[in-house]
């Protein structure tokens, strides 16, 4: 019998990990963006690529869009195109960091006119959500300052609250505002939403449909991220995840690549706190495939999350609780590690096949010839990237 | 005319920095505690030493106690002893990290009996507060775990909330519960109150008289501490400071020693947010003089805070706001730095003399012969330290 | 057939991990040392405990001593006692951090008399090595300063070199001097040997029998430790490892507990660089079991190293090189991760049994009743700890 | 009399800080590069801007070039143009991180052809040095990998050594090869020259004219940079500085902006180790003015270095040594801090005027109208940036 019990299989079958459209475009560092053949040239091609990931894994039924990068004439067309490929349109991500007006802030700017422009951009995003059927408006607030004294942090915090409130008032009853925090970058002295506490304090003041987004790469060195997962679930404010991994800063590497055990601990805490299979806690990727192929990079990523979820589901919670209660440190840790160290990959391969999926999605995709096909077809036009 | 205007002098005259009794005892690292001649052997001697700091600086009118380290038969006697030396008894600090029962937690422990014991300890602290006239009960929650799986972080958070609630209910109308957070140590995997967000969420659920304590050494590398000061003041929840400085972890060095400019920025934000001269925001030291003399170490510390406050008060806020609003990054930063780089020490020396204080408190204390005197007198008995 | 091929088994059979005698004594943080029943009261009892680890695992044939903690009247007796229990005496660790004279330095001290005292201590250690048959003198230089300006870092570096040279001259032809580096603690501003570069520069100036010791917990956050392993092996200067793990600072947790994947990468690089099974690269543990039982903590530790070594030996190097050369990032990473994710535990259990060892050393030791026995027997006397 | 004694003035008069041509072009983060009016469009305009900095400060007599960004038809013309403006051409910086061939390495690449291409680029740089009269070839090795297993770190280190040796052999007798290290970025798992130890080991194997470049922003959090300065000077291998400052990663902020006290400590150690006024230790800036004006940003930077140098020169070394030798921690620290806290700006302004320079270079430059002039004149063409 499989180590994946029917109960575990039922849990695994619930898993859905949203893909970001921009993961299929080119990305890089401030020093260089390396291109790849076949990179999408418009939102349709990004969605086609994203659909490939779902086709081979059944793990990624939706695609997040970034506005204005993914602006199209007809969102209805885009939605139908996506649905024909078996995926839906998901979270709408706003962008207030690439317009020259936003050099010194957007929702926090000193100038009411620029704040209004940034608010209006978010209202436009909500209009798009109404057309795409998206539930979540995700705001990554890339605002801050580079030098002490450059700005009045307190005034910005208050203006941010006003701006968010105006946006929140426009959010529909079935929609949510999700506020992402980030430790640093692109600002280097202060960031207006640098930690979960700030995001929590801001969204708690707005209302029930305002939530926190936790990007796993947006913390100080040494931060215990699963603790934050636990706390936000406890406070009822964990809205979504941006999964990726990092060694140093916001490296945006493939989830699980830098520290698989950390990913395991995070998922254990999601399950522990009732966040798994809970529609109110959205799983999403947010990565940059600077040097690796993008589509297989995304397949690898969703598989990493799936494999680690399977491991987390293996924990013998009864035995674990007994060891914890008795203060048997080594026994508790051993039960925990046993789940992590168990190799779930053969059982997962078998289970995939039982569901009509390829046992090895990476190999199946490679064999499909899709990369060669798009490299040939997508010639001319401008490759999509973080700025387009 | 002095660069310290009458308005600035009036602000400076308000400054009060509480000293911790334990700063006068021996402290060290896990590897070694080096002793010094003349170290206090009981709470009375600690208060005598603390009073010296105030005598030469008029900056430290109160002394915080740590229970059980500072337990005495009569707090009335201790209070009178302190008052005769010109100081009052201040914050009461509880201790739930040195009893063998607390190896796996105290207010968070799985065992209701141990939790009760820890709660009772806090109730005893409040009894002592009633006798000493102290306003604040400060709780540093040194609880956590060393290994993933060792404990159930979520359950602990809930039990913590229950325990704190029971303690809070006993707090008098003029008293406060102040909850300190700390990134890590003495636990190395998880800490139950690791960040300001957790402390804030916990105390916000208790009530108005529950506040956050910010220890400047208790953050991850790279954390923008003045941002947290700003945020907690904005949220009305900054109860007190534990001042010290650090290069790496919780080094507990003399405040301002490791990064004077950070101390400047913190005080600027305290003033900006209305926390200066505000009785609701208590300034306190929490340092370990492992290799330097303790009394002059404390004098140096309060002077560092005073000097940096004087610098912060020099900022030309009108010019700063104009530069900020106009987006002139270099001008705003220059105005900010100008205050920091101004040497306030001669003007402070003059001002001290005008108030009947020594111009150079360090030299005056050294000349007093007090250290030699206590080295001679305090022979025999057990020197006080972190554990006594 | 086992996934552990005969070649891999042959490699695994070579593994030897030295245990530190002090791991069996009590340890803790600067705030509290929690004791455990049955803790050894003298070096003989420490060695008896260490021998237990080897008895159940055949992985730890030698025990490192710490002088003066492990001083005995007759090292000959101690050696025979150890040999009777199936272990030998290994590395001698010096101690220049617990004598009051060393408050401001030992081998680096301004005072020639104190430097001489510290040098003499090392010469005494070499005398002991001659008696115990130890090869390595390990020097952890716990020297530094807490405040900028406190000391002249350059002069200290030169004096350190002089002191080390004097010690090195006394080292026998079959002996080695191994210099450990550490990022910070117990000093908080500067440490005299803070990084591998300093240790390397110092030992390179001494001669062939002076080497670097790499403690896995002694680095800045985010440091790529396997890179340093690679570099030191390349330079021919990696003398030994102190294994442990950490989340934040020098936490001294069980090796592999905090980041198993990092341990894997380190061992991969040891093997890659010819350091595995090489007598010139000594594997040793250096951990503190603050909250867990010490003997099973050590068993868990050597098993963690063994399991991770087995994983590392599984890497398909031919396929890996092909993927690396072709620039196939995802393929190369997948081959690498495949080894890490393979569960070697069942095959290791089988292999252990084939060698007359218990399949599950943790369970076998627990069943032996040894902990209960020593708890009963070792009553009275002073429990050993870091200071004794 | 000025606090700047004639001896100090003589030292200050020696100061020369090289400016990087690229500081005058646009730069930004991976998310956005904000442009400014008047940005140079070619190397001549960059040099014109750099000459402004020297005109107002007499601190920056030379300009570093970056190849290929600063390629021109005639370096003779460029040199004469610079000399007419009172500056010389300085360090030549190579670039092996923006060509598509270098995606997986340059001097370390698996492919001998690509390595040869990268070596040839450096030989071309040396040809240019011969024409510009530059002494130093600076190599920042932006090579590494993003994923464990992606590459063979050891093989790369050996190939790096081979490539560097080939380049070094071409270096003229009066020229130097300077190798810069960097903790991370643009690679996120491993960097081929991540620390001073690696740079030191590499250049030590080449010869006397190979040196280490220390960029103040290229270290792990918490690194004691002045210790590295001390060590490299002691080892005779500190070739040059890239000055800037940072709060988190390689923020490339204005030198002294993030932690002025750290800059002070670094310069103290430069002076202590004989590196000040020593032609073998080159001072250079390497910053990105993402949000502030570039020319005044550079003026501010050289003034920061000058002011901090003046403070460092104020240290009473005799008194400091006495305090250090006697183990008087507080006294030693106080002497050190006294120099840091002394406001040297009025005396510097006076000294500048005595030399025919403006007392306030920032104000004088602002009053000159140069920024408005170039904003008007430099219309059309492509603004220079990090990639051009």
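Chains as they are written, first to last, in the working numbering: chain A, 413 to 800; chain B, 413 to 800; chain C, 413 to 800; chain D, 413 to 800.
We treat Cβ as the ideally placed atom computed from N, Cα and C, and that holds for glycine.
If we cut at 8 Å on Cβ distances, does residue 437 of chain B have a partner in chain D? Residue numbering aside, residue 437 of chain B sits at position 25 when the second chain is read from its first letter. No, because no Cβ of chain D sits closer than 8 Å to the Cβ of residue 437 of chain B.
Counting only C-beta atoms, is residue 757 of chain C closer than 8 Å to chain A at any point? Taking the first residue of the third chain as 1, we reach residue 757 of chain C at position 345. It does; some Cβ of chain A falls within 8 Å.
For residue 475 of chain D, which beta-bridge partners are listed by DSSP? Along the fourth chain, read from residue 1 onward, the residue named residue 475 of chain D stands at position 63. According to DSSP, residue 475 of chain D bridges with D/431 and D/501.
If contact means a Cβ-Cβ distance below 7 Å, which residues of the region 700-729 of chain C contact chain B? 702 and 703
In the DSSP assignment, the beta strand (DSSP E) including residue 624 of chain B goes from what residue to what residue? Here residue 624 of chain B is taken as the residue at index 212 of the second chain, counted from 1. Unbroken beta strand (DSSP E) run through residue 624 of chain B: 622-627.
Output needed for residue 595 of chain D: all residues of its chain with C-beta closer than 6 Å, excluding positions within five of it in sequence on either side, in chain order. Taking the first residue of the fourth chain as 1, we reach residue 595 of chain D at position 183. For residue 595 of chain D, where only same-chain residues beyond five positions count, the Cβ hits under 6 Å are 606, 630, 631 and 632.
Between residue 779 of chain D and residue 790 of chain D, what straight-line distance do the alpha-carbon atoms span, to the nearest angstrom? Here residue 779 of chain D corresponds to residue number 367 of the fourth chain, with the count starting at 1. Here residue 790 of chain D corresponds to residue number 378 of the fourth chain, with the count starting at 1. About 19 Å.
At the 8 Å Cβ level, is residue 647 of chain C part of the contact set with chain D, yes or no? Locating residue 647 of chain C in the third chain gives position 235, where the first residue counts as 1. Cβ-Cβ to chain D under 8 Å: yes for residue 647 of chain C.
Does the count of Cβ pairs from the region 414-430 of chain D and the region 709-729 of chain D closer than 8 Å reach three? yes
Closest Cα partner of residue 508 of chain C within the set B/517, B/660 and B/444: Reading the third chain from its first residue, position 96 is the one you call residue 508 of chain C. The residue with the shortest Cα to Cα distance from residue 508 of chain C is B/444.
Which residues in chain C have a C-beta closer than 8 Å to the C-beta of residue 564 of chain D? List them in chain order. What you label residue 564 of chain D is simply residue 152 of the fourth chain in a count that begins at 1. The answer, in chain order, is 684, 733 and 736.
Output, in sequence order along the chain, the residues in the region 664-696 of chain C whose CB is closer than 9 Å to any CB in chain B. 664, 665, 666, 669 and 670
List the residues of chain A that residue 592 of chain B touches, going by C-beta distances under 7 Å, in chain order. Residue numbering aside, residue 592 of chain B sits at position 180 when the second chain is read from its first letter. Correct list: empty, because the minimum Cβ distance to chain A is about 15 Å.
Under the three-state DSSP convention, the category residue 689 of chain C falls into: For the purposes of this step, residue 689 of chain C is taken as the residue at position 277 of the third chain. Residue 689 of chain C falls in the coil class under three-state DSSP.
Three-state class that DSSP yields for residue 599 of chain D in the structure shown: Taking the first residue of the fourth chain as position 1, residue 599 of chain D is located at position 187. Residue 599 of chain D falls in the coil class under three-state DSSP.
Are the C-beta of residue 610 of chain A and some C-beta of chain B separated by less than 8 Å? Indexing the first chain from 1 puts residue 610 of chain A at position 198. Chain B, which has a Cβ nearer than 8 Å to the Cβ of residue 610 of chain A, makes this yes.
Per-residue contacts from residue 634 of chain A into chain C (C-beta, under 7 Å): As a working mapping, residue 634 of chain A is identified with position 222 in the first chain. Near residue 634 of chain A (Cβ distances below 7 Å), the residues of chain C are 633, 659 and 660.
Give the DSSP bridge partners of residue 550 of chain C, in chain order. Here residue 550 of chain C refers to the residue found at position 138 of the third chain. DSSP lists C/505 and C/590 as partners of residue 550 of chain C.
Taking a Cβ distance cut-off of 8 Å, strictly less, list which residues of the region 750-781 of chain D are near chain B, in chain order. 752, 753, 754, 755, 757 and 774
Give me the Cα-Cα distance between residue 450 of chain A and residue 744 of chain C, rounded to the nearest whole angstrom. Position 38 of the first chain, counted from the first residue, corresponds to residue 450 of chain A. Position 332 of the third chain, counted from the first residue, corresponds to residue 744 of chain C. Taking the straight line from one Cα to the other gives about 22 Å.
In the structure shown, what three-state DSSP assignment does residue 657 of chain D receive? Working through the fourth chain from its first residue, we reach residue 657 of chain D at position 245. Note: residue 657 of chain D maps to strand in three-state DSSP.
I'd like to know whether the C-beta atoms of residue 658 of chain D and residue 470 of chain D end up nearer to each other than 8 Å. In the fourth chain, the residue the question calls residue 658 of chain D occupies position 246. In the fourth chain, the residue the question calls residue 470 of chain D occupies position 58. The answer is no: Cβ separation not under 8 Å.
Interface partners of residue 784 of chain B on chain C, CB under 9 Å: As a working mapping, residue 784 of chain B is identified with position 372 in the second chain. Near residue 784 of chain B there are no residues of chain C at all, since even the closest Cβ is about 19 Å away, more than 9 Å.
Determine the contact status of residue 645 of chain B and residue 624 of chain B, defining contact as a CB-CB distance below 8 Å. Walking along the second chain from the start, residue 645 of chain B turns up at place 233. Walking along the second chain from the start, residue 624 of chain B turns up at place 212. Contact flag unset, no.
Does at least one heavy atom of the ligand ATP sit under 7 Å from the Cβ of residue 677 of chain C? The model depicted lacks the ligand ATP and carries no ligand whatsoever.
Can you grab the Cα-Cα spacing for the pair residue 654 of chain B / residue 675 of chain B, in whole Å? Translated into positions along the second chain, residue 654 of chain B becomes position 242. Translated into positions along the second chain, residue 675 of chain B becomes position 263. Cα-Cα distance, rounded: 12 Å.
Contact between the region 425-433 of chain D and the region 782-797 of chain C is defined here as three or more beta-carbon pairs at a separation below 8 Å; is this criterion met? no
Check whether the region 446-463 of chain B and the region 750-766 of chain B touch, using three or more Cβ-Cβ pairs below 8 Å as the test. no
Buried or exposed (CB count within 10 angstroms, at least 16 for buried), residue 668 of chain C: Looking up residue 668 of chain C in the third chain gives position 256. It counts as buried.
If you check the beta carbons only, do residue 717 of chain B and residue 695 of chain B fall under 8 Å apart? What you label residue 717 of chain B is simply residue 305 of the second chain in a count that begins at 1. What you label residue 695 of chain B is simply residue 283 of the second chain in a count that begins at 1. Yes, the pair counts as a contact, with Cβ atoms nearer than the cut-off.
Pull up the distance between the alpha-carbon of residue 539 of chain D and that of residue 621 of chain D, whole angstroms please. What you label residue 539 of chain D is simply residue 127 of the fourth chain in a count that begins at 1. What you label residue 621 of chain D is simply residue 209 of the fourth chain in a count that begins at 1. Going by the C-alpha atoms only, they are around 17 Å apart.
Alpha helix (DSSP H) segments (min. 4 residues) lying fully within the region 725-799 of chain A: 729-737, 741-753, 757-766, 773-780 and 782-789
If you run the structure through DSSP and keep just helix, strand and coil, what is residue 632 of chain A? As a first step, residue 632 of chain A must be located in the first chain, where it is residue number 220. In the structure shown, residue 632 of chain A sits in coil (DSSP, three-state: anything other than H, G, I, E or B).
Unbroken alpha helix (DSSP H) run spanning residue 565 of chain B, endpoints: Taking the second chain and counting its residues from 1, the one referred to as residue 565 of chain B is at position 153. That run of the alpha helix (DSSP H) goes 565-582.
Helix, strand or coil at residue 558 of chain D [DSSP, three-state]: Residue mapping note: residue 558 of chain D aligns to position 146 of the fourth chain, counting from 1. It is coil, neither helix nor strand.
According to DSSP, residue 695 of chain A sits in a beta bridge with which residue or residues? As a working mapping, residue 695 of chain A is identified with position 283 in the first chain. Paired residue(s): A/429 and A/653.
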